[in-house]
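The letter at position 159 of the sequence shown is residue 158 when you use numbering that gives the first Met the number 0, and the numbering goes up by one with no holes.
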Amino acid sequence: MTIARQVLRGGLDLIEALLGKVFPPAWNPLLNLGALGFFFYWIITVSGIYVYIFFDTGVQNAYASIEYMTHEQWYLAGIMRSLHRYASDALIIVMMLHFVREFARDRYRGVRWFSWVTGIPIMVMVFVAGISGYWLVWDKLAQYVAIVSTEWLDLLPIFGEPIARNFMSPDALESRFFTLMIFMHIAIPLIALAILWIHLQRVTKPRINPPRGLALSVFAALIALSLVHPALSQAPADLAVVPGRIGLDWFYLPLFPLLETLPGSVTWGMSACLLLIMVAMPWLPPLKRAQPAKVDLANCNGCARCFHDCPYNAISLVARSDGTAFEREPIVNPAYCVSCGLCAGSCPTSMPFRRLSDLSPGIDLPDHTMAALRDETEVAARGLTGPARIMVFGCDSGPAVADVRSPSVGIVPLTCIGQLPPAFIDYVISRDLADGIMLTGCRENSCNARFGIEWTKQRLARERDPHLRNRVPRERIRTAWVGPSGASSLRNALSAFATELQNAAAGTDPTAQFDHSPAPREPVDA
Ligand code: HEM
Ligand code: SF4
Ligand code: SF4
Numbered sequence: 000m001t002i003a004r005q006v007l008r009g010g011l012d013l014i015e016a017l018l019g020k021v022f023p024p025a026w027n028p029l030l031n032l033g034a035l036g037f038f039f040y041w042i043i044t045v046s047g048i049y050v051y052i053f054f055d056t057g058v059q060n061a062y063a064s065i066e067y068m069t070h071e072q073w074y075l076a077g078i079m080r081s082l083h084r085y086a087s088d089a090l091i092i093v094m095m096l097h098f099v100r101e102f103a104r105d106r107y108r109g110v111r112w113f114s115w116v117t118g119i120p121i122m123v124m125v126f127v128a129g130i131s132g133y134w135l136v137w138d139k140l141a142q143y144v145a146i147v148s149t150e151w152l153d154l155l156p157i158f159g160e161p162i163a164r165n166f167m168s169p170d171a172l173e174s175r176f177f178t179l180m181i182f183m184h185i186a187i188p189l190i191a192l193a194i195l196w197i198h199l200q201r202v203t204k205p206r207i208n209p210p211r212g213l214a215l216s217v218f219a220a221l222i223a224l225s226l227v228h229p230a231l232s233q234a235p236a237d238l239a240v241v242p243g244r245i246g247l248d249w250f251y252l253p254l255f256p257l258l259e260t261l262p263g264s265v266t267w268g269m270s271a272c273l274l275l276i277m278v279a280m281p282w283l284p285p286l287k288r289a290q291p292a293k294v295d296l297a298n299c300n301g302c303a304r305c306f307h308d309c310p311y312n313a314i315s316l317v318a319r320s321d322g323t324a325f326e327r328e329p330i331v332n333p334a335y336c337v338s339c340g341l342c343a344g345s346c347p348t349s350m351p352f353r354r355l356s357d358l359s360p361g362i363d364l365p366d367h368t369m370a371a372l373r374d375e376t377e378v379a380a381r382g383l384t385g386p387a388r389i390m391v392f393g394c395d396s397g398p399a400v401a402d403v404r405s406p407s408v409g410i411v412p413l414t415c416i417g418q419l420p421p422a423f424i425d426y427v428i429s430r431d432l433a434d435g436i437m438l439t440g441c442r443e444n445s446c447n448a449r450f451g452i453e454w455t456k457q458r459l460a461r462e463r464d465p466h467l468r469n470r471v472p473r474e475r476i477r478t479a480w481v482g483p484s485g486a487s488s489l490r491n492a493l494s495a496f497a498t499e500l501q502n503a504a505a506g507t508d509p510t511a512q513f514d515h516s517p518a519p520r521e522p523v524d525a
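Here's what the structure looks like:
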């Protein structure tokens, strides 16, 4: 499982990097898969409603009504039909990529099981809804799909009478059965939408809308495809004749040839095993779980920053219980906490300058505390030499920072870059522990803990609490959002940064001169 994850991660990371060269970071389609899924869902809904207006639900006239839309009213109903078809195909692509990507990024185990497990019925329903859509056209392909799927369903003892009988002869198929199919085709996506809502319950501020530019481009591409290559029906169904050669849709029906050829016991067995494995995956193999974040009320002033910054809805605010004057206190739900550390990075009491008392913030990760982070920073700074000493703070999901350690480069690994309170940057610079700071991690919009990069950028830009203090010279900070395969980009960024720092120190870069004398000491235990 681990090897499969690593191989897929490497492949997807490469595609992400390639797409990153074509699209601006916010537009990268691979980083917007869930949001694109919703976008395609809305296109399918609107085009489906329009097509339904002209669709004749009776078995006799269904085919003719679709032919009318395709050929007579090609300029609107025809385009809507094509949009309905192509957006459905695109939904399969983004959904399967989203599924593989969440697996490859190991975002399905531990407390993240919930989004994974609720995703599985959605996946099944998208396929069933698509397959039922093919029936409604009532052409040769529909006839083939209807016969193969009902014969497959009849292998289970769930129906009183075999439903495949409906397709034995022209007289056997009743319009009532056809109406049932339409009902299913509408009801299943609605149920899927309700499950999608549940799917997102454990993520804060889910991105359900792609950036406008990406949405418009994708929509324009679908319209162009609909005009150049409109969706067409095959020859009309004829239950008196066995369907001969038919063109299959490889998005929704790739397994149909197998259903036809393999024995039913094998195909049902395989499907059940596949489903069971997918559902069980979050617990196979078990994830060594990091401890959830822990609140220390003695150091908490109830400011609610941790509550606002948690990406997984793991923190709630309740009435204060310790008799202090503060109104609220945070509590962590261990069942939701992924131990990303963003809350500790947001806590104003995560102050490395504190010396008189322990560095014990209001909220912290027991497995990687702020006190340990400060010790690691000081150890990494000790012995740094050269005219441009750089401290790299790097997230575990980003490039392997251990590879860039050198006599002039110290490294401090973090759970997520969002775990780093800006006060640490101030601390390193003001105590002259290094000349420059490099922050590195996942690619932009691709943060494993969802908001680590965004919150960090906002904290540095003083748009989000806790701010980076004004006194910290910004030219001493660089960021490299390069992802796990970006070690060489990080190396390049570090050597360019080292040159800039040296030039600034030598006074050859007039825009970047800075004072090398340590800043005045913070009042300890602020
Ligand atoms: C049409 C189908 C689907 C749509 C539209 C969809 C949409 C989304 C969206 C919008 C998010 C939040 C992303 C973010 O803001 O960071 C999400 C998260 C997630 N989805 Fe889906 N999803 C779909 C199907 C699936 C399937 C089939 C699976 C896997 C079985 C899955 C697994 C996950 C997981 C594990 C997360 C949480 C990631 C994390 O921990 O941050 N999804 N999905
Ligand atoms: S560690 Fe992450 S998931 Fe857990 S409470 Fe803190 S911010 Fe939320
Ligand atoms: S950010 Fe820190 S001080 Fe503020 S509520 Fe959370 S734990 Fe308390």
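Glycine residues also receive a C-beta, built at the ideal position from the N, C-alpha and C atoms. What you are looking at is a predicted structure, and each value in this text was computed from that prediction instead of being measured.
For Cys-346 and Tyr-40, the rounded distance between their alpha carbons: Here residue 40 refers to the residue found at position 41 of the sequence shown. Here residue 346 refers to the residue found at position 347 of the sequence shown. Distance from the CA atom of Tyr-40 to the CA atom of Cys-346, rounded to whole angstroms, is 39 angstroms.
Reduced DSSP secondary structure (H/G/I, E/B, other) of Asp-248: Here residue 248 is taken as the residue at index 249 of the sequence shown, counted from 1. In this structure, DSSP gives Asp-248 a state outside helix and strand, which the three-state scheme calls coil.
Cα-Cα separation between Ala-145 and Tyr-67, rounded to whole angstroms: If you number the sequence shown from 1, residue 145 lands on position 146. If you number the sequence shown from 1, residue 67 lands on position 68. Ala-145 and Tyr-67 have their C-alpha atoms some 23 angstroms from each other.
Buried/exposed call for Pro-519, threshold 16 Cβ in 10 Å: Working through the sequence shown from its first residue, we reach residue 519 at position 520. With a pLDDT of only 43 at Pro-519, under the threshold of 50, the placement of this residue in the model should not be trusted; the figure read from the coordinates follows. Classification for Pro-519: exposed.
Boundaries of the beta strand (DSSP E) in which Ser-429 is found, first to last residue: Reading the sequence shown from its first residue, position 430 is the one you call residue 429. Looking at the DSSP string, Ser-429 is not in any beta strand (DSSP E); the run it does join, the alpha helix (DSSP H), is 421-429.
With 16 other Cβ atoms within 10 Å as the buried cut-off, status of Thr-455: Against the sequence shown, residue 455 aligns to sequence position 456. That one is buried.
Other residues of its chain near Phe-513: CB distance less than 7 angstroms, five sequence neighbours each side excluded: By 1-based counting over the sequence shown, the position of residue 513 is 514. With a pLDDT of only 48 at Phe-513, under the threshold of 50, the placement of this residue in the model should not be trusted, and no figure is reported.
CB of Arg-535 within 9 angstroms of CB of Trp-480, strictly: Residue 535 is absent from the model: the chain starts at 0 and stops at 525.
Beta-carbon gap between Met-122 and Met-94 smaller than 9 angstroms: Residue mapping note: residue 122 aligns to position 123 of the sequence shown, counting from 1. Residue mapping note: residue 94 aligns to position 95 of the sequence shown, counting from 1. Going by C-beta atoms, Met-122 is nearer than 9 angstroms to Met-94.
Proximity of Pro-188 and Lys-293 at Cβ, strictly below 9 angstroms: Residue 188 sits at position 189 when you count from the first residue of the sequence shown. Residue 293 sits at position 294 when you count from the first residue of the sequence shown. Taking a C-beta distance under 9 angstroms as the contact criterion, Pro-188 and Lys-293 do not qualify as a contact pair.
Residues near Ala-230 by beta carbon distance below 6 angstroms, same chain, minus five either side: The sequence position of residue 230 within the sequence shown is 231, counting from 1. Only residues of its own chain outside the window of five on either side were considered, and among them Arg-80, Ser-81 and Arg-84 have a CB closer than 6 angstroms to the CB of Ala-230, listed in chain order.
Whole-Å CB distance - Phe-98 paired with Gly-118, under 8 angstroms assumed: Translated into the one-based positions of the sequence shown, residue 98 becomes position 99. Translated into the one-based positions of the sequence shown, residue 118 becomes position 119. With a Cβ gap of about 7 angstroms, Phe-98 and Gly-118 count as contacting.
Environment of Phe-158 [buried if 16+ CB atoms lie within 10 Å]: Against the sequence shown, residue 158 aligns to sequence position 159. Around the CB of Phe-158, fewer than 16 other CB atoms lie within 10 Å, so the residue is classed as exposed.
Proximity test, Val-331 beta-carbon vs ligand 2 heavy atom, cut-off 8 angstroms: Locating residue 331 in the sequence shown gives position 332, counting from the first residue. Correct: Val-331 has its Cβ closer than 8 angstroms to ligand 2.
Unbroken stretches of the alpha helix (DSSP H), 4 residues or longer, contained in the stretch 268-308: DSSP assignment within the stretch 268-308 yields the following whole alpha helix (DSSP H) runs of 4 residues or more, N-terminal first: 304-308.
For Trp-134, the residue or residues it bridges with in DSSP: The residue you call residue 134 lines up with position 135 of the sequence shown. Looking at the DSSP assignment, Trp-134 forms no beta bridge with any residue, so it has no partner.
When Ile-314, Ser-114, Leu-154 and Pro-284 are compared against Glu-259, the one with the closest alpha-carbon: Against the sequence shown, residue 259 aligns to sequence position 260. Cα-wise, what sits closest to Glu-259 is Leu-154.
Beta-bridge partners of Trp-151, as assigned by DSSP: Locating residue 151 in the sequence shown gives position 152, counting from the first residue. Trp-151 pairs with nothing; no bridge assigned.
Ser-487 CB to nearest heavy atom of ligand 3 below 8 angstroms: Start at 1 with the first residue of the sequence shown, and residue 487 comes out as number 488. No, since every heavy atom of ligand 3 falls outside the 8 angstroms radius drawn around the Cβ of Ser-487.
Stretch-stretch touch, CB-based, cutoff 8 angstroms, three pairs: the stretch 236-252 with the stretch 124-141: Contact between the stretch 236-252 and the stretch 124-141 is present, because at least three Cβ pairs lie under 8 angstroms.
Whole-number beta carbon distance between Lys-139 and Ala-61, since they are thought to touch under 8 angstroms: Your numbering for residue 61 matches position 62 in the sequence shown. Your numbering for residue 139 matches position 140 in the sequence shown. The pair is not a contact, with the Cβ atoms about 14 angstroms apart (cut-off 8 angstroms).
Top-ranked residue by Cα proximity to Leu-29, from Ile-14, Ile-43, Gly-417 and Ala-236: As a first step, residue 29 is located in the sequence shown; it is residue number 30 there, counting from the start. Closest by C-alpha distance to Leu-29, out of Ile-14, Ile-43, Gly-417 and Ala-236, is Ile-14.
Whole-angstrom distance between Ile-65 and Asp-12, CA atom to CA atom: For this step, residue 12 is matched to residue 13 along the sequence shown. For this step, residue 65 is matched to residue 66 along the sequence shown. The alpha-carbon separation between Asp-12 and Ile-65 amounts to approximately 42 angstroms.
Spatially closest choice to Pro-291 from Met-269, Ala-297, Ile-314 and Trp-115, by CA coordinates: Your numbering for residue 291 matches position 292 in the sequence shown. Closest in alpha carbon position to Pro-291, among Met-269, Ala-297, Ile-314 and Trp-115, is Ile-314.
Buried or exposed (CB count within 10 angstroms, at least 16 for buried), Gln-418: Start at 1 with the first residue of the sequence shown, and residue 418 comes out as number 419. Buried is the call here.
Candidates Asp-374, Phe-352, Asp-321 and Arg-304, of which the one nearest Gly-340 by Cα: Taking the sequence shown and counting its residues from 1, one reaches residue 340 at position 341. The shortest Cα separation from Gly-340 among Asp-374, Phe-352, Asp-321 and Arg-304 belongs to Arg-304.
Own chain residues within Cβ distance below 8 angstroms of Tyr-49, not counting five before or after: Taking the first residue of the sequence shown as 1, we reach residue 49 at position 50. In its chain, beyond the 5 residues on either side, Leu-75, Ala-76 and Met-79 have a beta carbon closer than 8 angstroms to the beta carbon of Tyr-49.
Phe-392, DSSP secondary structure in three states: Indexing the sequence shown from 1 puts residue 392 at position 393. In this structure, Phe-392 counts as strand in the three-state DSSP scheme.
Of the residues Val-21, Ile-185, Ala-25 and Ala-318, the one placed nearest Tyr-51, counting alpha carbons only: Here residue 51 corresponds to residue number 52 of the sequence shown, with the count starting at 1. Ranked by how close their Cα comes to the Cα of Tyr-51, the residues Val-21, Ile-185, Ala-25 and Ala-318 have Ile-185 in first place.
Segment limits, alpha helix (DSSP H) that includes Thr-455: Residue numbering aside, residue 455 sits at position 456 when the sequence shown is read from its first letter. Its alpha helix (DSSP H) spans residues 451-459.
Residue interval of the alpha helix (DSSP H) (run including Ser-174): Sequence index remark: in the sequence shown, residue 174 carries index 175 (1-based). First-last of the alpha helix (DSSP H) with Ser-174: 174-198.
Bridge-paired residues (DSSP) for Trp-26: To locate residue 26, count along the sequence shown from 1; it is residue 27. Its beta-bridge partners do not exist; DSSP assigns none.
Contacts around Ile-424, its chain only, beta-carbon distance under 7 angstroms, and the 5 residues preceding and following it disregarded: In the sequence shown, the residue the question calls residue 424 occupies position 425. The beta carbon of Ile-424 is closer than 7 angstroms to those of Ile-436, Leu-467, Val-471 and Ile-476 in its chain, skipping five residues each way along the sequence.
Which residues DSSP lists as bridging Ala-526, in chain order: Residue 526 lies beyond the stretch modelled for the chain, which goes from 0 to 525, so this question has no answer here.
Beta-bridge partners of Arg-477, as assigned by DSSP: For the purposes of this step, residue 477 is taken as residue 478 along the sequence shown, with counting starting at 1. In the DSSP output, where bridge partners are listed per residue, Arg-477 has Met-437.
contact_flag[the stretch 394-411, the stretch 321-335] where n(CB pairs < 8 angstroms) is 3 or more: When Cβ pairs closer than 8 angstroms are counted between the two stretches, the stretch 394-411 is seen not to touch the stretch 321-335, the count staying below three.
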